[in-house]
Amino acid sequence: AQSVTQLDSHVSVSEGTPVLLRCNYSSSYSPSLFWYVQHPNKGLQLLLKYTSAATLVKGINGFEAEFKKSETSFHLTKPSAHMSDAAEYFCVVSALFSGGYNKLIFGAGTRLAVHP
Amino acid sequence: ETGVTQSPTHLIKTRGQQVTLRCSSQSGHNTVSWYQQALGQGPQFIFQYYREEENGRGNFPPRFSGLQFPNYSSELNVNALELDDSALYLCASRTGGQDTQYFGPGTRLTVL
Chain P
13 AQSVTQLDSH
23 VSVSEGTPVL
33 LRCNYSSSYS
43 PSLFWYVQHP
53 NKGLQLLLKY
63 TSAATLVKGI
73 NGFEAEFKKS
83 ETSFHLTKPS
93 AHMSDAAEYF
103 CVVSALFSGG
113 YNKLIFGAGT
123 RLAVHP
Chain W
1005 ETGVTQSPTH
1015 LIKTRGQQVT
1025 LRCSSQSGHN
1035 TVSWYQQALG
1045 QGPQFIFQYY
1055 REEENGRGNF
1065 PPRFSGLQFP
1075 NYSSELNVNA
1085 LELDDSALYL
1095 CASRTGGQDT
1105 QYFGPGTRLT
1115 VL
């Protein structure tokens, strides 16, 4: 069965410092992994997606994530945080089921706070 | 913006009532999924519709039902509302051959 675990429920950084949001996954086959961001009272925006083409995935707004199969990790990073990065971040795995449907399985989320 | 729209934005109902939420999928997308996001939690999969048929369902009771129309728009219906149904309901669309889903802004349902 597929699952994701986000290792930190809250992360706080200062503006201009690096961001690291940690995610471990469990999958019985090569997974599709995503990071989504949710700003307050908004829907979910796709940041980036891993599909096995490259282990380092670049996303929008300067975010990137590295897929490490040996560590079953898919951590999200950004070199320099901006105030507008403050939001909830979800690590997500896509699970494929018999009948041809797939669903997204979300982690519990990491709330990122950015301080001046 | 993803091109997925949802209505209404907010809704207040009382326990025992019925509610219908609507979703218009992104152009070219024939698959729609619905998710429930309770406060402080990650979204949970409710069900998926492909070509007007439900082809996948999460751990939700039958009082959660849906429809998909020929233009691929969709409805989520919830009967006999309970207090725990209070949540943000998210619609996501995709093409049948892709697993990337694009989300709408959600409908905030409050059950009193």
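Quick mapping for you: the protein sequence lines, in order, are chains P and W.
The numbers in the working numbering rise by one with no breaks, and the one at position 22 of the first sequence is 34.
The numbers in the working numbering rise by one with no breaks, and the one at position 35 of the second sequence is 1039.
Note that beta-carbon positions come from the ideal geometry of N, C-alpha and C, so glycine has one too.
Residues that Gln1041/W bridges to, as DSSP identifies them: Here residue 1041/W corresponds to residue number 37 of the second sequence, with the count starting at 1. Leu1092/W.
CB contact below 8 Å: Phe109/P versus chain W: Position 97 of the first sequence holds residue 109/P. So, interface residue.
C-beta contact flag for Ser1090/W and Thr1035/W at 8 Å: The residue you call residue 1090/W lines up with position 86 of the second sequence. The residue you call residue 1035/W lines up with position 31 of the second sequence. Cβ distance not < 8 Å, so Ser1090/W and Thr1035/W don't count as in contact.
Spatially closest choice to Ser21/P from Ser82/P, Gly121/P and Ser96/P, by CA coordinates: The residue you call residue 21/P lines up with position 9 of the first sequence. The shortest Cα separation from Ser21/P among Ser82/P, Gly121/P and Ser96/P belongs to Gly121/P.
Cutoff 8 Å: Gly119/P Cβ touching any chain W Cβ: Sequence index remark: in the first sequence, residue 119/P carries index 107 (1-based). Closer than 8 Å: yes.
Cutoff 8 Å: Lys70/P Cβ touching any chain W Cβ: Residue mapping note: residue 70/P aligns to position 58 of the first sequence, counting from 1. Cβ-Cβ to chain W under 8 Å: no for Lys70/P.
Within chain P, partners of Phe1049/W - CB distance below 8 Å: Against the second sequence, residue 1049/W aligns to sequence position 45. What Phe1049/W touches in chain P: Lys115, Leu116 and Ile117.
Neighbourhood of Leu1087/W by C-beta, 7 Å cutoff - its chain only, sequence neighbours within 5 removed: Translated into positions along the second sequence, residue 1087/W becomes position 83. Cβ neighbours of Leu1087/W beyond the five flanking positions: Arg1019 and Val1115.
Beta-ladder partner(s) of His87/P, from DSSP: In the first sequence, counting from the first residue as 1, residue 87/P sits at position 75. Answer by DSSP bridge pairing, in chain order: Glu78/P.
Paired residues, beta bridge with Lys54/P - DSSP: Taking the first residue of the first sequence as 1, we reach residue 54/P at position 42. Lys54/P pairs with nothing; no bridge assigned.
Where Asn114/P sits in the DSSP three-state scheme: Within the first sequence, the letter at position 102 stands for residue 114/P. Note: Asn114/P maps to strand in three-state DSSP.
Residues within the stretch 1048-1081 of chain W neighbouring chain P, beta-carbon criterion of under 8 Å: Gln1048, Phe1049, Gln1052, Tyr1054, Asn1059, Gly1060 and Gly1062
Rounded distance between the beta-carbons of Gly28/P and Ala99/P, thought under 8 Å: Residue numbering aside, residue 99/P sits at position 87 when the first sequence is read from its first letter. Residue numbering aside, residue 28/P sits at position 16 when the first sequence is read from its first letter. That belief does not hold up - the Cβ atoms of Ala99/P and Gly28/P are roughly 17 Å apart, past 8 Å.
Enclosing beta strand (DSSP E) for Leu124/P [first to last residue]: The sequence position of residue 124/P within the first sequence is 112, counting from 1. Its beta strand (DSSP E) spans residues Thr122 to His127.
Where Asn1059/W falls: helix, strand or coil (DSSP): Position 55 of the second sequence, counted from the first residue, corresponds to residue 1059/W. Asn1059/W falls in the strand class under three-state DSSP.
Contact set between the stretch 1090-1106 of chain W and chain P, restricted to residues whose Cβ is under 8 Å from the partner: Leu1094, Ala1096, Asp1103, Thr1104, Gln1105 and Tyr1106
For Leu58/P and Tyr48/P, believed in contact at Cβ under 8 Å, the rounded distance: The residue given as residue 48/P occupies position 36 in the first sequence. The residue given as residue 58/P occupies position 46 in the first sequence. With a Cβ gap of about 6 Å, Tyr48/P and Leu58/P count as contacting.
Helix, strand or coil at Leu33/P [DSSP, three-state]: Taking the first sequence and counting its residues from 1, one reaches residue 33/P at position 21. Looking at Leu33/P - three-state DSSP - the assignment turns out to be strand.
Beta-carbon gap between Pro1047/W and Leu1094/W smaller than 8 Å: Residue mapping note: residue 1047/W aligns to position 43 of the second sequence, counting from 1. Residue mapping note: residue 1094/W aligns to position 90 of the second sequence, counting from 1. In contact: Pro1047/W and Leu1094/W (Cβ atoms closer than 8 Å).
Positions along the stretch 19-46 of chain P whose CB lies within less than 9 Å of some CB in chain W: Ser44 and Phe46
Cβ shell of Thr1110/W (< 7 Å), same chain only, five flanking positions each side left out: For the purposes of this step, residue 1110/W is identified with residue 106 of the second sequence, where counting begins at 1. According to the sequence displayed, residue 1110/W carries Gly and not Thr. Cβ within range, chain order: Gln1010, Leu1092, Tyr1093 and Leu1094.
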